[in-house]
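So the structure is just underneath, and the comments pick up after that.
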Amino acid sequence: MCRYCEDHDEYYEGCMIATSIDLGLAGEINMWVLIEPESKQLAVHVLHRGTAKQLEFRRGINYCPMCGRNLINVTE
1 MCRYCEDHDE YYEGCMIATS IDLGLAGEIN MWVLIEPESK QLAVHVLHRG
51 TAKQLEFRRG INYCPMCGRN LINVTE
């Protein structure tokens, strides 16, 4: 993903966080947080187990999550 840090490619193959959350009366959800290598976006996927409704949120990132290097304003 990081075009300046070639060593970090293997970190973006899977999700960074995967968890299941019990919302009480609202049911249970599964949530995945990952960085999509091709679009350089932080993606959050939420799946409600009871209704199978899926929500997706994406946001661009400015820094490599592994080394903190700025992906936008590179001076090299």
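For the sequence shown, counting from 1, position 54 maps to 54 in the UniProt record's numbering; every step adds exactly one.
Glycine included, C-beta positions come from ideal geometry on N, C-alpha and C.
**Prompt:** What residues in its chain sit with their C-beta under 6 Å from that of residue 36, if we drop five residues either side in the sequence?
**Reply:** Residue mapping note: residue 36 aligns to position 36 of the sequence shown, counting from 1. Around residue 36: 43.
**Request:** Mark residue 67 as exposed unless 16 or more other C-beta atoms lie within 10 angstroms of its C-beta, in which case mark it buried.
**Result:** Residue numbering aside, residue 67 sits at position 67 when the sequence shown is read from its first letter. Exposed, since its Cβ has fewer than 16 Cβ neighbours within 10 Å.
**Inter-residue Cα distance where the pair is residue 56 and residue 34** = Residue mapping note: residue 56 aligns to position 56 of the sequence shown, counting from 1. Residue mapping note: residue 34 aligns to position 34 of the sequence shown, counting from 1. For residue 56 and residue 34, the distance between alpha carbons rounds to 11 Å.
**Prompt:** From residue 28 to residue 69, what distance separates their C-alpha atoms?
**Reply:** Taking the sequence shown and counting its residues from 1, one reaches residue 28 at position 28. Taking the sequence shown and counting its residues from 1, one reaches residue 69 at position 69. One C-alpha to the other measures close to 36 Å.
**Item:** Nonlocal neighbours in the same chain, by C-beta distance under 7 Å from residue 59, ignoring five residues either side
**Value:** Along the sequence shown, one-based indexing puts residue 59 at 59. Excluding sequence positions up to five before and after residue 59, its CB lies within less than 7 Å of the CB of 41, 42, all in the same chain and listed in chain order.
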